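Below: one structure, written as C-alpha cells.
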Amino acid sequence: MSIADNLQLIKKNIPKKVTLVAVSKTKPITSIIEAYGAGQRVFGENKIQEMVDKQAQLPEDIQWHMIGHLQRNKVKYMAAFVSLIHGVDSVKTLKEINKQAKKHNRVIDCLLQARIATEDSKFGLCGIEIATILNSTEVKEFENIKIVGLMGMASFTNNKKQVKKEFNTLKDLFDKFKTNHKELKIISMGMSGDFKLAIEEGSNMIRVGSSIFGSRN
Numbered sequence: 003m004s005i006a007d008n009l010q011l012i013k014k015n016i017p018k019k020v021t022l023v024a025v026s027k028t029k030p031i032t033s034i035i036e037a038y039g040a041g042q043r044v045f046g047e048n049k050i051q052e053m054v055d056k057q058a059q060l061p062e063d064i065q066w067h068m069i070g071h072l073q074r075n076k077v078k079y080m081a082a083f084v085s086l087i088h089g090v091d092s093v094k095t096l097k098e099i100n101k102q103a104k105k106h107n108r109v110i111d112c113l114l115q116a117r118i119a120t121e122d123s124k125f126g127l128c129g130i131e132i133a134t135i136l137n138s139t140e141v142k143e144f145e146n147i148k149i150v151g152l153m154g155m156a157s158f159t160n161n162k163k164q165v166k167k168e169f170n171t172l173k174d175l176f177d178k179f180k181t182n183h184k185e186l187k188i189i190s191m192g193m194s195g196d197f198k199l200a201i202e203e204g205s206n207m208i209r210v211g212s213s214i215f216g217s218r219n
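Counting the sequence shown from 1 gives a position; my numbering is that position plus 2.
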C-alpha cells in the first residue's frame with residue numbers, strides 16, 4: 003500500500019477530533035511530499051537538526067511537531083517555526099523555549115511529558131511535578147509559551163492490560179489538571195502499535211510513523 007493509502011485508512015478509522023501527527027523522522031523528503039499530497043499537514047520529528055533541514059525544503063503550511071527528547075541548547079534552531087513541542091519535562095526547558103520564542107515574537111505551544119511507563123529509559127514528570135509546573139508563578143509569567151496539554155509514552159510491551167493502565171493514568175492526570183487549567187486541550191498518547199487503544203482511553207493526538215511510511219531501516 004502507498005503512503006496515501008495508509009493515511010486514508012488511518013484517518014477513516016479515527017474520530018475527527020483526533021489529530022494525526024505523521025512521524026517522519028529518518029524518512030526522506032519524497033515520502034513527506036507524498037503524505038503532504040494526500041492532505042497530511044502535521045509532521046513529527048525527534049531530531050531538531052533533521053527537522054530544520056526538512057522545514058527549509060518543504061511547504062510553509064506544514065505544522066512541525068518536536069516529539070523527541072529536547073536538548074535545551076538546540077531550541078534556538080527551531081524556535082522560528084515549530085508548532086508544538088511534545089516532550090517538555092522541566093522548568094529550565096520551558097524557560098529556554100520562552101526565551102527563544104520571544105526573539106521571534108512567537109508563542110510556542112508545549113505539552114508536559116508525564117512519566118507513565120515502567121521502563122527506566124522513558125523521560126517524564128510525575129503528577130506532583132506537573133502540578134508544581136502548572137501552578138508555578140515563574141512559569142505563569144512566561145509570555146512566549148503556552149502549556150496546552152500532556153503527553154506520555156506507554157511501556158514497550160505486548161501486554162495490552164499494562165499499556166491500557168498506563169494510558170488510563172495519563173487520562174486521569176489530564177482530567178484532574180484540566181479542572182483548574184482550562185487551557186489544557188491536548189492529550190497526546192498512542193503510536194503505530196497502540197493508537198487505537200490510546201484513542202479508546204481518551205487520546206486526542208496520536209503519533210504514527212511506521213503505519214504510514216512503512217518500517218524504519
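Think of the CB as a built atom: it goes at the ideal place given N, C-alpha and C, for glycine as much as any other residue. Nothing here was measured: the structure is a model prediction, and the numbers come from that model.
- The Cβ neighbour count for Q73, taken over all protein chains shown within 10 Å, is under 16; the residue is labelled exposed.
- Along the length of the stretch 149 to 217, whole beta strand (DSSP E) runs at least 3 residues long occupy 188 to 190, 207 to 210, reported in chain order.
- I31 counts as exposed, since fewer than 16 other beta carbons sit within 10 angstroms of its beta carbon.
- In this structure the stretch 185 to 192 does not lie against the stretch 3 to 18, because fewer than three pairs of beta carbons, one per stretch, are closer than 8 angstroms.
- Residue Q115 holds the alpha-carbon nearest to the alpha-carbon of G70 among A37, Q115, A103, I35.
- Spanning the alpha carbons of T171 and K198 requires a straight line of approximately 17 angstroms.
- By the Cβ neighbour-count rule, K19 is exposed, with fewer than 16 other Cβ atoms within 10 Å of its own.
- Within the DSSP bridge table, the entry for I147 names I110 as partners.
- About 6 angstroms separates the CB atoms of I110 and I87; that is less than 8 angstroms, so the two are in contact.
- CA-to-CA, the gap between G41 and N107 works out to about 29 angstroms.
- At least 7 angstroms separates the beta-carbon of V54 from that of R209.
- Under DSSP, I87 forms a beta bridge with M68, C112.
- Shortest Cα-Cα distance from P17 to any of A81, M207, G211, S217 involves M207.
- Taking the Cβ atoms as the reference, R43 lies roughly 13 angstroms from Q57, outside the contact range of under 8 angstroms.
- Excluding five sequence positions before and after F83, the CB atoms of its chain that fall closer than 8 angstroms to its own CB belong to Q57, W66, given in chain order.
- Residue range 21 to 25 is occupied by the beta strand (DSSP E) that includes T21.
- Residue burial annotation: S205 is buried, with at least 16 other C-beta atoms found within 10 angstroms of its C-beta.
- The three-state secondary structure of G46, taken from DSSP, is strand.
- Membership of G129 in the alpha helix (DSSP H) is indicated by the continuous run 129 to 136.
- Contact check for L127 against L152 fails: the beta carbons are separated by 7 angstroms or more.
- Leaving aside the five residues that flank A37 on each side, the residues in its chain whose CB is nearer than 8 angstroms to its CB run, in chain order, I5, A6, L9, A24, S26, F45, I214, F215.
- By the beta-carbon neighbour count (other beta carbons within 10 angstroms, threshold 16), T139 is exposed.
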